[in-house]
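J.: Okay, here's the structure, questions in a sec.
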Amino acid sequence: MAFDQNEFVRLLTDYYEFCSRTFWDVTVQHAPAGGWPSINHGTLARLQKNDQAVELLRQLPYPDLDASQAFFTPLIMDHTQVVDWRSEYTHALIRNNTLEAKPEPYTNRDPPLTPSCACIATSVGRDGYFVVVDTEDDYVYWSDPNGEHDEPEPELNATLTRFTDDPANRWRDRLSGVNVYQPADFFALCKQRFRELRWIGEDQYNISALRMNCEWDELAEEDEHAELVAMMRQAGWPGDGEGRGWDRTKFRALLQGDSESGK
């Protein structure tokens, strides 16, 4: 399937704006005409990206951050932060000789990913996920660095058999803990996890998650996630389902009050 860059940018922008309305404290910046100038084959040289992957990264939206915040990019899901490919901080990681430092999944290879792949979000430690889009097949690869994804396997995981015995793509073979999605399905699923309160953004750097390998009835009433669920519902979540129509200020006040009472 041919990669539709404009559609992917639209979907990612929509998801970031959902995050901004829901729990981020920053807005979303759109690429200028011609793309972000700091993203080019020179700054990404060590990753050996092809033209299509570089152009995608040049056209992506990013959180509106200043240079001092380049290390602390917002989360888009549990322990998973945006990769800001514009920043000198990210460019320094690319130049770093330590494979674990690269702004992409650790694959024990240099470069970590094949040329057509672009990583849009990375795991904080080993507690989050990696989100990679392949500009060759138009799929999103959502991976758990520990090799055990909590989400049910989608039908597209059947396509992973083509990477069996392929050293360059071992990170996305059937045993790797990667799930495969069409971009629209992936972002719809992420929104759904927030709507149903499995994911709750306390702020742009903290997300509480009841992962899919845990059941609601396993939560005690005094569990922190259960308390956050109650606060979100008090504040009118899910509103219109798109991050509007609920009282975010009230949720923050409830959260602050709970924090102060726990001191």
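Going by the working numbering, the sequence shown opens with residue -7, and the numbers climb by one from there.
Every residue, glycine too, gets a C-beta built ideally from N, C-alpha and C.
Here the structure is a predicted model, which means the values were calculated and not measured.
Compare the Cα-Cα distances from Phe272 to each of Pro175, Ala25 and Ser168 and report the closest residue.
T.: Absent from the structure is residue 272, since the part of the chain shown begins at -7 and ends at 255.
J.: Just to confirm, are Phe0 and Glu234 a CB contact at a threshold of 8 angstroms?
T.: Mapped onto the sequence shown, residue 0 falls at position 8. Mapped onto the sequence shown, residue 234 falls at position 242. For Phe0 and Glu234, no; Cβs fall outside 8 angstroms.
J.: How about Val18 and Ile31: are their beta carbons less than 8 angstroms apart?
T.: By 1-based counting over the sequence shown, the position of residue 18 is 26. By 1-based counting over the sequence shown, the position of residue 31 is 39. No; because the gap between Cβ atoms is not below 8 angstroms, this pair is not in contact.
J.: Less than 8 angstroms between the C-beta atoms of Pro97 and Phe63, yes or no?
T.: Numbered from 1 along the sequence shown, position 105 holds the residue referred to as residue 97. Numbered from 1 along the sequence shown, position 71 holds the residue referred to as residue 63. The answer is no: Cβ separation not under 8 angstroms.
J.: Between the C-alpha atoms of Arg162 and Asp250, what's the straight-line distance to the nearest angstrom?
T.: One-based indexing of the sequence shown puts residue 162 at position 170. One-based indexing of the sequence shown puts residue 250 at position 258. Roughly 45 angstroms separates the two Cα atoms.
J.: Within a Cβ cutoff of 6 angstroms, which residues of the same chain sit near Gln51, ignoring the five residues on either side of it in sequence?
T.: Here residue 51 is taken as the residue at index 59 of the sequence shown, counted from 1. Taken in chain order, the residues that qualify are Val1, Ala23 and Gly27.
J.: Checking 8 angstroms against the spacing of the C-beta atoms, do Trp238 and Met69 come in under that value?
T.: As a working note, residue 238 is residue 246 in the sequence shown. As a working note, residue 69 is residue 77 in the sequence shown. It is not a contact, given that the beta carbons lie outside the stated cut-off.
J.: Closest to Gln(-3) by C-alpha separation, out of Leu49, Arg185, His33 and Gln21, would be which residue?
T.: Position 5 of the sequence shown, counted from the start, is the residue given in the question as residue -3. Of the listed residues, the one whose Cα sits closest to Gln(-3) is Leu49.
J.: Rank Tyr133, Glu128, Ala37 and Arg185 by C-alpha distance to the C-alpha of Thr114 and give the top, closest one.
T.: Along the sequence shown, read from residue 1 onward, the residue named residue 114 stands at position 122. The shortest C-alpha separation from Thr114 is found at Tyr133.
J.: So who's on the other strand from Asp126, going by DSSP bridges?
T.: For the purposes of this step, residue 126 is identified with residue 134 of the sequence shown, where counting begins at 1. Beta-bridge pairing links Asp126 to Cys109 and Tyr131.
J.: Please state the DSSP three-state secondary structure of Ser168.
T.: The sequence position of residue 168 within the sequence shown is 176, counting from 1. Coil, per DSSP.
J.: Whole angstroms are fine: how far does the CA of Gly34 sit from the CA of Leu148?
T.: Stepping through the sequence shown from its first residue, residue 148 is reached at position 156. Stepping through the sequence shown from its first residue, residue 34 is reached at position 42. If you take the alpha carbons of Leu148 and Gly34, they lie about 34 angstroms apart.
J.: Please list, in chain order, all residues of the same chain as Leu246 whose beta carbon is under 8 angstroms from its beta carbon, the five residues on each side excluded.
T.: Your numbering for residue 246 matches position 254 in the sequence shown. Correct list, in chain order: Met223, Gln226 and Ala227.
J.: Check whether the region 204 to 219 touches the region 81 to 99, taking contact to mean three or more Cβ pairs, one atom from each stretch, closer than 8 angstroms.
T.: They do not touch, by the three-pair rule.
J.: On the CB-based measure, 16 or more other CB atoms within 10 Å of its CB, does Trp229 come out buried or exposed?
T.: As a first step, residue 229 must be located in the sequence shown, where it is residue number 237. So Trp229 ends up on the buried side.
J.: So, using beta-carbon positions, are Gly169 and Gly139 closer together than 8 angstroms?
T.: Position 177 of the sequence shown, counted from the first residue, corresponds to residue 169. Position 147 of the sequence shown, counted from the first residue, corresponds to residue 139. The answer is yes: Cβ separation under 8 angstroms.
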